[in-house]
Each structure stands twice: as C-alpha cells, then as structure tokens.
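Q: Mind looking over this structure? Questions follow.
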Amino acid sequence: QLLERLNNSPGVIAAGAVLSLPLTGAEESTNLFIEGRPKLPAEQRAEADYTVVTPAYFRALAIPLLKGRPFTDHDSKDAPGVIIINEALARRYWPNEEPLGKRLTVGFEKSPREIVAVVGSVKQSTLSADARPAMYLPQLQLPTGSMSIVIRTAGDPLSVAALARSQVHSLDQAIPVTNIRTMDEIFSASVAQQRFSMLLVGLFGALAVVLAAIGIYGVMGYTVTQRKHEIAVRMALGAKTGQVLKLILKDGLVLASLGVVIGLVGAFAMTRLLSSLLFEVKPNDAQTFAMVSVLLIFVALLACFIPARRATKVDPLVALRYE
C-alpha cells in the first residue's frame, strides 16, 4: 500500500524497496547451485551477493535492465520462482551462453528459480572494488520484515521526504520514519574515510610543493649572487636582458626537471601503497602524472623568476667594481 501511494504521488518517478541498500555496509551473500552442473565441494561452490527487492526498485535506482523482464506483481508466492541476476554474475557463470531461462537454486532455498532478467552491475559494498556477482529476489516470493524505501524524484529529493513521512503515518502513526538520506549523502558517507586520507595527503603534498619552491628560490638566489661577476661581464659584452633571464631560468629548469624525474620514480614505487585510496583513477595514470609534472615545473619556474629578474638588474659597472 505504501509503495502504491508513493508511486502515485506527484514528483515521484518511481518508488521501490530493497533489503540491502547499496553503499551502506549491508550486504548478504550465499552459495548458488546452477541446474545441470555438478555440485562442487563447499570451498569451490559458486557464491554471490543477494538481496530482496520490489518491482520498481530498479527504476528507482536507475539500474538498467539489460535483457529480460522486470519483476511484476504477478511474481507472487504462488507463482513459479523467478530471479534476476546482474551482469557480473552472468559473465562469470554464463560467459558464452544466454542466461535467460537458466535455473539456479539460492543457497538457503530448496527449489530452483528461473532467471528472467539481467540488470547492470551495482557496487554494493564499496566503490573501490569491482561490482560483485549479485542476485535479486522478488519481495512477494520472499517476504522480509525490514526493508529500505528508495524513491526517485523529478525534483528536489528533500521535498518528497515530508510526503513520504506523511504517507507512512497515514497508514500507521506508530511506524517511525528515520534515516532519510539522499544517494549523494550515502555516496559521501561511503567515501568519507578515503576523502579524509586524501585530504591529509593533499595537504602534505601542498606543503612539500611550498617547501620545494622556497628551496629553489633560495638556491637560485644564492647562485645569482655567486655569478654576479659573470653576469656583469656578459652584460658588459652586450648580453640582452632576455638572454640573462633565460640563462638563470634554464639553470632552474634543469634542477626542477631532475627533481621531477626523481619524484616520478618514487611516485611509481608508492602507488601500490596508495591504490586503496584511489577511486576511478588508475595507480599509474599517465594523465595524472603528466599534469602533476607540469604543475611542479611551473611552480619551480615561478620560484626561479624573482632571482632571475634580479640578475637582469645587475649594473655591470657596480658589479665589476665590487669584484
């Protein structure tokens, strides 16, 4: 009744329910037995995550239906057992076959179910790992006492929260409505630890860049002071301001390039330790390394510019008299 009311409410595209909501740490797994294949020892048996859903769940979470049909209200307890699998499970156990129409038995059941659809894979537990093989069972055939309501809205999700709460209370005032969250909030909570770790790494990285810039500035400033006589002679012999500037910047660029090369070697060695903190970025991502290298060289050139500019202001007569 609740889902029917929500699906007929303004601003609601689809409303469904699920036993284990993705990215909340709630996942269940079990063995599965494929009809027509020999039973394997316990340690070699096929395994997959499973959850219980209502027909509109896939629309509510925008999980694509790749082939087959969705659950309907006709998939009741008295109807033949049906099941929907995700693409990861289909590829693992039917890589070169059509899974639709195949039958499998869920580990805690005795009767087989027919596969009626294949849906897109969803990362159930964590974003840092590939989506696991998963099975979806219809709620009408496997009733459960606790489920999460999932609502897809046409506008602001929070505007529908009050509507959902009122619909629940209209059915039963004693039912508490708690933990209302958007998927963005669930997503943020699931990567909170990784974000904090990367924030610390980023802060230390920024500090390292600042210290490197200060170091390059100091070295180049000392170099300009030591080469004041050479610069004066060059300018006395007709060297242009741009030539002197280019000379000093070139020396700084050599130092920066050497540091970047050493840093890249160290970064390649450290990527395995940091791979668990990365999401949708490969540990050896060439584009990332290239962008960081360009940034570091740019910062180094900025640090060299002030000493180089100072070198162009050297008065040859004063410098030579000083020597």
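When you number the sequence shown by our numbering, it's gap-free, plus one each residue, and the end is 323. Ideal Cβ positions, reconstructed from N, Cα and C, are used throughout, including at glycine.
(1) From the DSSP output, read off the bridge partner residues of S148.
(2) Measuring straight from C-alpha to C-alpha, what distance separates L245 and V294?
(3) Counting only the same chain and skipping the five closest in sequence on each side, list residues whose C-beta sits under 8 Å from that of T126.
(4) State the DSSP-derived secondary structure class of A48, mapped to helix, strand or coil.
(5) Which of helix, strand or coil does DSSP assign to N179?
(6) Give the range of the alpha helix (DSSP H) segment to which R37 is assigned.
(7) Is the separation between the beta-carbon of N96 and that of P133 shorter than 8 Å?
(8) Among A79, R59, L302, which one has its Cα closest to the Cα of N7?
(9) Under 8 Å, do C304 and M198 count as touching if we go by C-beta distance?
(10) Considering only residues of the same chain and omitting the five flanking positions on each side of A308, which have a CB-CB separation below 6 Å?
(11) On the DSSP letters alone, give me the boundaries of the alpha helix (DSSP H) that L3 sits inside.
(12) Going by the DSSP bridge assignment, what does Y136 pair with across the sheet?
(13) For G68, does the three-state DSSP call read helix, strand or coil?
(14) Taking DSSP as the reference, what is the three-state secondary structure of S197?
(15) Taking buried to mean at least 16 other C-beta atoms within 10 Å of its own C-beta, is R37 buried or exposed?
(16) If you follow the beta strand (DSSP E) that A117 is in, where does it begin and where does it stop?
(17) V12 and I151 - do their beta-carbons sit closer together than 8 Å?
(18) Confirm, please, whether the CB-CB distance from T54 to G16 is below 8 Å.
(19) Which two residues bound the contiguous alpha helix (DSSP H) that contains L104?
(20) If we ignore side chains and look at the alpha-carbon of each, how far apart do D251 and E230 end up?
(21) Can I216 and A286 be called in contact, C-beta distance under 8 Å?
(22) When the Cα atoms are used, what is the spatial distance from S243 to V261?
(23) Would you mind sorting M291 into buried or exposed? The rule is 16 or more other CB atoms within 10 Å of its CB.
(24) Using three-state DSSP, classify S76 as helix, strand or coil.
(25) Measuring straight from C-alpha to C-alpha, what distance separates A131 and Q1?
(26) Cβ-heavy atom distance between K67 and the ligand PLP below 7 Å?
(27) If you measure between the beta carbons of V177 and V168, is that distance less than 8 Å?
(28) Report the partner residues of N284 according to the DSSP bridge assignment.
(29) Just checking my contact of L32 with V116 at CB under 8 Å: how many whole Å lie between their CB atoms?
(30) Which residue's Cα is closest to the Cα of A90: A79, S128, A48?
(31) Could you give the distance in angstroms between the alpha-carbon of E43 and the alpha-carbon of T30?
(32) For the putative contact between G68 and E114, defined by C-beta atoms under 8 Å, what is the C-beta separation to the nearest angstrom?
(33) Using 10 angstroms around the beta-carbon of R118, count the other beta-carbons present and answer buried if the total reaches 16, otherwise exposed.
A: Taking the geometry as given:
(1) BP columns for S148 point to V18.
(2) Cα to Cα, the separation comes out at about 21 Å.
(3) Hits under 8 Å: L23, S190.
(4) Correct three-state label for A48: strand.
(5) In the structure shown, N179 sits in coil (DSSP, three-state: anything other than H, G, I, E or B).
(6) Looking at the DSSP string, R37 is not in any alpha helix (DSSP H), and its letter there is neither H nor E.
(7) Between N96 and P133, the gap from beta carbon to beta carbon reaches 8 Å or more.
(8) Relative to the Cα of N7, the nearest Cα in the group A79, R59, L302 belongs to R59.
(9) For C304 and M198, no; Cβs fall outside 8 Å.
(10) Once the five neighbours on either side are set aside, the close Cβ partners of A308 are L245, I248, L249.
(11) In the DSSP assignment, L3 falls within the unbroken alpha helix (DSSP H) covering 2 to 7.
(12) Secondary-structure assignment with DSSP links Y136 through a beta bridge to T51, I84.
(13) Reduced to three states, the DSSP call for G68 is strand.
(14) Note: S197 maps to helix in three-state DSSP.
(15) Exposed: under 16 other Cβ atoms inside 10 Å.
(16) Following the DSSP letters along the chain, one finds A117 inside the beta strand (DSSP E) bounded by residues 113 to 119.
(17) Yes, these two residues count as a Cβ contact at 8 Å.
(18) Judged by their CB atoms, G16 and T54 are nearer to each other than the 8 Å cut-off.
(19) Counted as a single uninterrupted DSSP element, the stretch harbouring L104 is not any alpha helix (DSSP H) but the beta strand (DSSP E) occupying residues 103 to 106.
(20) When rounded, the distance between both Cα atoms is 14 Å.
(21) For the pair I216 and A286, the CB atoms are not nearer than the 8 Å cut-off.
(22) What sits at residue 243 in the sequence shown is Gln, not Ser. Near 27 Å, if we compare the C-alpha coordinates of V261 and Q243.
(23) Exposed: under 16 other Cβ atoms inside 10 Å.
(24) Here S76 carries a coil assignment [DSSP, helix/strand/coil].
(25) C-alpha of A131 to C-alpha of Q1: approximately 32 Å in a straight line.
(26) For the ligand PLP, the structure offers nothing, since it holds no ligand at all.
(27) V177 places its beta carbon less than 8 Å from that of V168.
(28) Per DSSP, N284 has no beta bridge partner at all.
(29) Distance from L32 to V116 at the Cβ level is roughly 16 Å; contact not present, criterion being Cβ atoms closer than 8 Å.
(30) Closest option to A90, Cα to Cα, is A48.
(31) So the alpha carbons of these two residues sit roughly 12 Å apart.
(32) A Cβ-Cβ separation of about 10 Å leaves G68 out of contact with E114 under the 8 Å criterion.
(33) A small fix is needed here, since residue 118 is Val in this sequence, not Arg. V118 is buried by the Cβ-count criterion.
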